[in-house]
Amino acid sequence: MIRLILFLAMLITATAPARADDISAAARGVVRVVTIASAEGEVVGFGHGSGFAVSPNRIVTNAHVVELAARYPDNVVIGVVPSEGDKSYQGKLIAYDAQRDLALIEFTGTRLPPLTFYPGAATDGEAVIALGYPGNVDVATAQSAADFIKPLGPVRSQGGFSGTRKLTGVDVLLHTAGIARGNSGGPLLDICGRVIGANSAITKAEEGDSSFGFAVANSEIAAFLKEAKQSFAQTSAPCISAEERLRQGQDAQVRSAEARAADAQAAAMREALQREVALDKARIEAERRRENVIAIAGLLLVIGALGIGGAGILESRRRRQGAIWTGAAGVLLIIAAAVVFLTRPYGDVTLAVPPPDTAPSATVQASFGKMLCRIAPDRSRINLSNPADVTIDWQPDGCMNGRTQYAENGAKWERILVPNDEQTVSVLEYDLATRSYSESRYLLSAAQMKKARSLRGAVKQKACTTSEAERQLLSRQQTAIRAALPARPDEWLVYDCAPAPADTPKGAAPSAAS
């Protein structure tokens, strides 16, 4: 029993929290869809379901959720109730496909974070998550009809993918995530928060039978949206949790550090060997010079002695003047021989230590100017994006593309962008030493975004500046924003940069315009 409890605890720990933030991020774009029918000024009908954003002001839901609005547009009002905020909004039916059981609704007054589709095939047994507003939960918790139009977070349920089927000629996904009436039109997600289908129906459980949910497949939703000329976001990136990607990144950093240490050790050994060879060569050369000097001293001594001997011979022949000059020359040569011998070089040698190189390294020098940056998938967590090449123009004072000022943050340069029209904070960094450019994306709730925007209000520095004081102020202001962000981003894109070819188009890196 203890082993079973420990196993269940490990299973829950391993699966539940790993990707919770991805699902919470997707939940920001999930809505309740209500329909209110009226006749002669009185409410005669009420229905509700779920939906999800495919653009900031358009949502997808099931056709049967808004069927009355399609049949009686003058008598039925569609309401869109976001998961956050304090207001609901009136919707307008844009496209309707009863065969596929899909509808596209437009609204105004707010902007929602669109969900991203995953076009790949789900595997049998893969975990899936349903988000929506099940009616049985509403019946149990709602105290009045007004509660149905108050913003509230969607209900989350998890199950497994059970296969694909055809339902009235439409491709559907079969799954075991718990759904009920009211979940219709809500998204079915993979564990990274990408849409793989739209929930539409459930089986009836009779005599203890298991119930299954049906979701309209992504292929059908994509065809419907294309027919409606509605663009949508999708990515084919594999689903890897933030924790797993961080672990992989840490492992890669360890391997990189070990490789750098091994390279440094090998370089040190090569340098030591080269130094030893140079010392041996210097010793041989010094010994050769020493021997040559001793030989010169000996030669001078011999010549000096011969000179003195010659002076004696000249003196014996009474050639005194010649004897004096010859003897003096001999003495001088002997003295010179002594001096040369005493000043001979010794065998000890030393190599001069070169002065430290204070000039910028070639890597740092090559980190300035126009750079072409390409995504590094092994160091990125690509979950919702489709990253393309980025061209930047970097200057030594932290000026990006001639218009956006970055602030120094340790060994890196950093800029934090807090836009007005998107619930995402981006932390942009450029590392001169490694020539890497990165964008860390935080998918925040409405409350978190409101706080970040209030902190951004203190940041006035957008254009580039050469003032060190202004850059330090920007750094302090950005530190306050960073402190308000979660411990880790939801998605991070790392690019490797290199000097751009002359014909490369101008950069498309994000700027601090907002």
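Under numbering that gives the first Met the number 0, the residue at position 413 of the sequence shown is numbered 412, and the numbers go up by one with no gaps. Ideal Cβ positions, reconstructed from N, Cα and C, are used throughout, including at glycine. Note that the structure is a prediction, hence the values are computed from the model and not measured.
Rounded Cβ spacing between residue i and residue j (contact assumed at less than 8 Å)
i: A263; j: T115; result: That pair is no contact at about 43 Å.
i: P150; j: V53; result: Between V53 and P150 the Cβ distance is about 19 Å, and since that is not below 8 Å, they are no contact.
i: P153; j: G185; result: 7 Å
i: R427; j: R414; result: Note on identity: in this sequence residue 427 is Leu, with Arg being the wrong assignment. Confirmed, Cβ separation roughly 5 Å.
i: G306; j: A328; result: 5 Å
i: A410; j: S474; result: Between S474 and A410 the Cβ distance is about 13 Å, and since that is not below 8 Å, they are no contact.
i: Q170; j: S235; result: One detail in the question is off: residue 170 reads as Asp in this sequence, not Gln. In fact, because the Cβ distance is near 18 Å, the residues do not count as touching under 8 Å.
i: I293; j: R343; result: 6 Å
i: A216; j: L173; result: About 10 Å separates the two Cβ atoms, so there is no contact after all.
i: V30; j: F45; result: Actually they do not touch by this definition, with Cβ atoms about 17 Å apart.
Euclidean distance between Cα positions of residue i and residue j
i: L371; j: V33; result: 49 Å
i: S161; j: Q229; result: 30 Å
i: T325; j: R287; result: 32 Å
i: F340; j: A296; result: 5 Å
i: S541; j: Y117; result: No answer is possible for residue 541: it lies beyond the span of the chain, which begins at 0 and ends at 513.
i: E273; j: A457; result: Just to set this straight, residue 273 is Gln in the shown sequence, not Glu. For Q273 and A457, the distance between alpha carbons rounds to 57 Å.
i: V127; j: C463; result: 47 Å
i: G177; j: E125; result: 15 Å
i: R164; j: A256; result: 50 Å
i: I58; j: P133; result: 18 Å
i: F147; j: G40; result: 20 Å
i: S49; j: R180; result: 10 Å
i: E83; j: L67; result: 26 Å
i: A26; j: R254; result: 37 Å
i: P498; j: S466; result: 27 Å
i: R318; j: N291; result: 36 Å
Where residue i sits in the DSSP three-state scheme
i: A499; result: coil
i: G309; result: helix
i: N61; result: coil
i: R318; result: coil
i: G46; result: strand
i: A361; result: Model confidence at A361 stands at a pLDDT of 49, short of 50, so the residue's coordinates are unreliable and nothing is read from them.
i: N419; result: coil
i: Q157; result: strand
i: G381; result: In the sequence as displayed, the identity of residue 381 is Ile instead of Gly. The answer is coil: DSSP assigns I381 none of H, G, I, E or B.
i: L151; result: coil
i: E39; result: coil
i: F223; result: helix
i: R550; result: No answer is possible for residue 550: it lies beyond the span of the chain, which begins at 0 and ends at 513.
i: G326; result: helix
i: N408; result: strand
i: A486; result: coil
Residue i beta carbon near the ligand SAM (any heavy atom closer than 6 Å)
i: G168; result: The ligand SAM is not part of this structure, which contains no ligands at all.
Mind listing, in chain order, the continuous beta strand (DSSP E) runs of no fewer than 3 residues lying wholly within the segment 98–135?
-> Within the segment 98–135, the complete beta strand (DSSP E) segments of 3 residues or longer fall at 101–106 and 126–131, listed in chain order.
Could you give the uninterrupted runs of the beta strand (DSSP E) lying entirely in the segment 170–211, keeping only those of 3 residues or more?
-> Runs found: 186–188 and 194–201.
Does the segment 437–445 come close enough to the segment 473–493 that 3 or more CB-CB pairs lie under 8 Å?
-> Contact between the segment 473–493 and the segment 437–445 is present: three or more C-beta pairs spanning the two stretches fall below 8 Å.
Decide yes or no for the touch test of the segment 195–205 against the segment 75–91: beta carbon pairs closer than 8 Å, at least 3 of them.
-> They do not touch, by the three-pair rule.
Every unbroken beta strand (DSSP E) within the segment 227–282, with a cutoff of 3 residues, ordered by chain = Entirely contained in the segment 227–282, not one beta strand (DSSP E) run reaches 3 residues.
Assess, as a yes-or-no matter, whether the segment 98–112 is touched by the segment 58–65 under the definition of 3 or more beta carbon pairs within less than 8 Å.
-> Enough Cβ pairs lie closer than 8 Å, so yes.
Give, in chain order, every unbroken run of the alpha helix (DSSP H) that is at least 4 residues long and sits entirely within the segment 433–471.
-> 445–455, all fully within the segment 433–471.
Whole runs of the beta strand (DSSP E) within the segment 68–95, excluding any shorter than 3 residues = Listed in chain order, they are 75–80.
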